[in-house]
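Everything in the sequence shown is counted per this note's numbering, starting at 1085 for the first residue and increasing by one. Okay, structure first, notes after.
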Amino acid sequence: MLDVVLALLSTLECVVEGASFSGDVGLPEPVGMLLGLVAGPVLLVRRRWPVVVVLVSIAVTPADMGVLLGVVGLYTLAASDTPRRTTALLAGMTVAGTLVSTFLNLRQEVAADQDYQPPLWFVPVMSVAMGLVVTAPPVLWGLYVGARRRLVESLRERADGLERELSLLADRAEERAEWARNEERTRIAREMHDVVAHRVSLMVVHAAALQAVALKDPEKASRNAGLVGDMGRQALTELREMLGVLRTADGSGGRPASGASGEPERLAAVVSKAAAQAGAKVSVPGVVAEEAGGGEAEGPTLAELAELVGQSRAAGMAVVLSVDGAEGAGVPGRYAAGVEQTVYRVVQEALTNVHKHAPGARARVRLAHRAAEVAVQVENGPSDGAAPSSGLPSGGNGLVGMRERVTALGGVFVSGPTDAGGFRVSAVVPVGGAGASPGAGAASASGGGVAAGG
């Protein structure tokens, strides 16, 4: 609509000025009007071909027509993506054409008027001023509008790009959250398996012994009943600790989460605790889990290994615990919480497997403190055929869980039968937790002699 209106105004101007020009040079008026009808409508194509519009305006400048055509054409040319050299060249040609035309017209008017004789500088200065007034404002305004338009387009493209990046980040955050949820489900299942399998296995063993000696040896039956009670209470305590992590926002069993956003906070807290126990660093939106050595984490430690072995010994297993590497020989007395918990869980699951699959077998637990790692091995002999079977079910997840725990810290885990007919589980865990590389652990495992088992 704007282009049509401008084209009509330009055509009207060119027709009027063409008729006047025809009278001045002695041509028929229809000729000048026809020239105006041809030149004026060129503004209709100013957006597509601005160079053509400017060239037409320069061509009709000697006929004293096309002022609106030239002004609008120069503005459109400067605001378009036309190279600046072309714009400067056409603007210079317009200035020159306007200057020459104005200079000739003024000289003719001054010569025709005998009553007024202006100074010599009047005609040149007025010609230059007219050329600049007709050319400079539309060119400068067009350059400003073009630069602003390009800036807006650039900002719009950046906004679109940022929107796409935010969408990708949101998708990745959702993927990381889903990954964290899956990892947490696996960790919870592993913890539940370790706690329930070991404690309940001991409770079943003690219950069987209690049933066998209830009438023959009441005193021993009383002791077995007390052990069963202790095992049950310990299992409930550990289960309560794990469930407390799920019920609270901070993972400490204190302040409960509230509001509609409680679920994400609980998940983040659980993932943080899992990462701390594993000695890893997990990134969840808004949460970064500390390194394993960065704080105290609830759970078993190496100091409780003797008690763990004593429980299996009290259940009738012939098990021996040996520790290599004195604490005073450059070995720290306490490692990162994730390292100690992993070693403890390996021994716990290994002894549980002995109760399940090799009742009556002898077992040996070896723990070795080294300069940069902790090695543990649990080995049992063949099952005593005279020993009654425990009748405990097996889901086949014990060895998988042990391997996941050890490899999560960059360690090495090996398990398999022995030549004597027993079974051995070996693990080497870097004391640096997740920061140690798996290659380092593998080298240590191949160079050392102690592995972990069960």
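Glycine included, each C-beta is placed from N, C-alpha and C at the ideal position. Values in this document were obtained by computation on a predicted structure and should not be read as measured data.
Proximity of residue i and residue j at Cβ, strictly below 8 Å
i     : j     : result
A1447 : V1427 : no
V1460 : R1450 : yes
R1283 : A1319 : yes
L1183 : G1215 : yes
A1504 : G1465 : yes
E1101 : D1148 : yes
L1435 : S1467 : no
I1142 : G1116 : no
V1515 : V1403 : no
L1311 : A1257 : no
S1164 : F1187 : no
G1485 : E1433 : yes
V1297 : A1291 : no
T1095 : L1118 : no
D1408 : A1452 : yes
Of the listed residues the options, nearest to residue i (C-alpha basis)
i     : options                       : result
L1152 : T1182, V1136 and G1124        : G1124
W1133 : T1171, Q1318 and V1089        : T1171
M1085 : S1406, A1103, A1504 and L1127 : L1127
R1271 : R1232, V1490, P1443 and S1238 : V1490
R1429 : L1299, V1393 and S1094        : V1393
L1204 : P1221, L1190 and R1454        : L1190
V1138 : R1269, G1157 and N1308        : G1157
H1277 : G1482, V1515 and A1459        : G1482
A1390 : V1135, P1466 and S1406        : S1406
A1421 : E1488, V1513 and G1465        : V1513
G1176 : V1218, A1442 and V1509        : V1218
G1313 : L1493, V1289 and A1264        : V1289
E1388 : V1129, E1457 and V1431        : V1431
L1161 : E1247, L1239, R1130 and S1238 : R1130
E1275 : L1323, V1498 and V1088        : L1323
M1401 : A1273, N1266 and S1285        : S1285
A1456 : S1185, Y1419, D1255 and A1492 : Y1419
S1185 : A1213, L1294, Y1159 and R1269 : A1213
Residue environment, residue i, which counts as buried when at least 16 other CB atoms sit within 10 Å
i     : result
K1440 : buried
F1507 : buried
G1500 : exposed
L1253 : exposed
V1209 : exposed
F1105 : buried
P1167 : exposed
V1099 : buried
P1222 : buried
Y1228 : exposed
V1155 : buried
L1173 : exposed
P1112 : exposed
T1145 : buried
P1302 : exposed
V1368 : Bear in mind that a pLDDT of 39 at V1368, under 50, signals an unreliable position, so the model cannot answer this.
G1494 : buried
A1352 : Model confidence at A1352 stands at a pLDDT of 47, short of 50, so the residue's coordinates are unreliable; what they give is reported in the following sentence. Counting Cβ neighbours within 10 Å, A1352 comes out buried, since at least 16 surround it.
T1178 : buried
A1091 : buried
V1088 : exposed
S1540 : Past the edges of the chain, shown from 1085 to 1538, lies residue 1540, and the structure says nothing about it.
Q1425 : buried
A1273 : exposed
A1243 : exposed
R1350 : With a pLDDT of 48 at R1350, under the threshold of 50, the modelled position of this residue cannot be trusted, and the question is left open.
E1267 : buried
Beta-bridge partners of residue i, as assigned by DSSP
i     : result
S1406 : R1450
E1457 : P1514
G1500 : R1508
V1462 : V1449 and V1509
Limits of the unbroken beta strand (DSSP E) element including residue i
i     : result
G1116 : Note, G1116: premise wrong, no beta strand (DSSP E); alpha helix (DSSP H) at E1113 to A1123.
Limits of the alpha helix (DSSP H) - the one that residue i falls within
i     : result
S1141 : P1134 to A1143
M1486 : G1482 to A1492
T1426 : A1421 to H1441
A1162 : V1151 to A1163
L1389 : L1389 to A1398
Chain D contact for residue i (CB, 8 Å cutoff)
i     : result
R1233 : Among the chains in the structure shown there is no chain D, since it carries only a single protein chain.
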